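First comes the structure, then the notes that go with it.
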Amino acid sequence: MISTGVRLFSQDEYHRMAETGILAIDERVELLEGQIILMAAKNPPHSATNLCAAEYLRTLLVGLALIRIQDPIDLNPFSEPEPDIAVVRIDRHFYAESHPTPADVFLLIEISDTTLERDRKQKAAAYARAGIADYWILDVNTRQVRVFREIVNERYQQESILLNEEATLFMLAFPEIAVQINQLFP
């Protein structure tokens with residue numbers, strides 16, 4: 463078998479592809495570890511959960527953090543994913559000059575209805591390598607929350623699954639604020 467190398471794209475190249483029309487304006491893609499990844503279509507349960515969780519987190523974190531929905535995060539020169547929800551530091555210019563970097567991120571959340579394996583493996587690996595300390599997946603099919611924490615050697619060492627909708631969860635960045643699991647889902 464012949465082995466071939468893989469050509470990875472940088473953020474600059476990715477942006478130029480969009481500017482020149484190689485990537486269509488309405489094409490749903492994101493840059494993850496140098497690869498241009500097609501994003502899954504958003505089914506109604508995905509969209510509803512995204513909106514519900516973002517609105518709930520906004521009420522909990524007013525004045526403490528910004529809640530970004532499906533906006534890019536600058537992980538590194540080869541990754542610019544668009545997590546469903548990013549809880550980030552307050553920037554008085556709302557990140558008009560640049561996207562948030564890992565130093566700005568308190569929590570990233572992906573909503574999963576058809577992408578659980580990609581979110582658990584590919585996204586978790588990229589987020590851990592970037593040093594994102596708190597990463598959650600909201601599984602709309604089971605109404606469970608998967609929590610990824612404790613990075614060692616650029617990998618999450620802990621993956622917890624919260625099965626009980628009546629459970630309470632705490633963000634690493636805001637341990638005094640209780641997050642009710644049942645409030646994250648519609």
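When you read off a place in the sequence shown, starting at 1, and then add 462, the result is the number in the numbering used here.
Every residue, glycine too, gets a C-beta built ideally from N, C-alpha and C.
Here the structure is a predicted model, which is why all the values come from computation and not from measurement.
Just the Cα atoms here: how many angstroms apart are A480 and I498? The count along the sequence shown starts at 1 and reaches residue 480 at position 18. The count along the sequence shown starts at 1 and reaches residue 498 at position 36. Roughly 12 Å separates the two Cα atoms.
When you compare the segment 516-534 with the segment 575-594, are there three or more beta-carbon pairs, one atom per stretch, that lie closer than 8 Å? no
Cross-strand partners of L631 (DSSP beta bridge): Sequence index remark: in the sequence shown, residue 631 carries index 169 (1-based). Paired residues: V641.
I'd like to confirm something about R611: is its beta-carbon nearer than 6 Å to some heavy atom of the ligand PLP, or not? No copy of the ligand PLP appears in this structure; indeed no ligand is present at all.
How close, in whole Å, do the beta carbons of Q606 and I623 come, if the pair is a contact with beta carbons under 8 Å? Mapped onto the sequence shown, residue 606 falls at position 144. Mapped onto the sequence shown, residue 623 falls at position 161. That pair is a contact at about 6 Å.
If you follow the beta strand (DSSP E) that Y618 is in, where does it begin and where does it stop? Here residue 618 refers to the residue found at position 156 when the sequence shown is read from its first residue. Counting along the chain, the beta strand (DSSP E) containing Y618 begins and ends at 617-624.
So is P637 buried or exposed if we call it buried at 16+ other beta carbons inside 10 Å? Taking the first residue of the sequence shown as position 1, residue 637 is located at position 175. When all chains shown are included, P637 counts as exposed.
Using a Cβ-Cβ cutoff of less than 8 Å, which residues in the same chain neighbour L500 once the five nearest sequence positions on both sides are dropped? As a first step, residue 500 is located in the sequence shown; it is residue number 38 there, counting from the start. Correct list, in chain order: R490, V491.
Let's see if you can read the secondary structure: which residues bound the alpha helix (DSSP H) around Q456? Outside the shown range of the chain, which is 463 to 648, sits residue 456, and nothing can be said about it.
Buried or exposed: P506, going by 16 or more other Cβ atoms within 10 Å of its Cβ? Working through the sequence shown from its first residue, we reach residue 506 at position 44. So P506 ends up on the exposed side.
Where N538 sits in the DSSP three-state scheme: On the sequence shown, residue 538 is found 76 positions in, with the first residue counted as 1. If DSSP states are grouped into helix, strand and coil, N538 belongs with the strands.
Go ahead and pull the three-state DSSP assignment for L494. The count along the sequence shown starts at 1 and reaches residue 494 at position 32. Three-state DSSP puts L494 in a strand.
Tell me whether R608 is buried or exposed, calling it buried when 16 or more other Cβ atoms sit within 10 Å of its Cβ. What you label residue 608 is simply residue 146 of the sequence shown in a count that begins at 1. Flag for R608 reads buried.
Residue span of the alpha helix (DSSP H) that contains S574, given as start and end: Taking the first residue of the sequence shown as 1, we reach residue 574 at position 112. No alpha helix (DSSP H) holds S574; the beta strand (DSSP E) holding it covers 567-574.
What residues in its chain sit with their C-beta under 7 Å from that of I594, if we drop five residues either side in the sequence? On the sequence shown, residue 594 is found 132 positions in, with the first residue counted as 1. The residues are P564, V567, L570.
Which residue wins for smallest C-alpha separation from A588, given the options P543, I531, E621? For the purposes of this step, residue 588 is taken as the residue at position 126 of the sequence shown. Comparing Cα-Cα distances from A588 to each of P543, I531, E621, the minimum goes to P543.
Secondary structure of E489, DSSP reduced to three states: Start at 1 with the first residue of the sequence shown, and residue 489 comes out as number 27. It is coil, neither helix nor strand.
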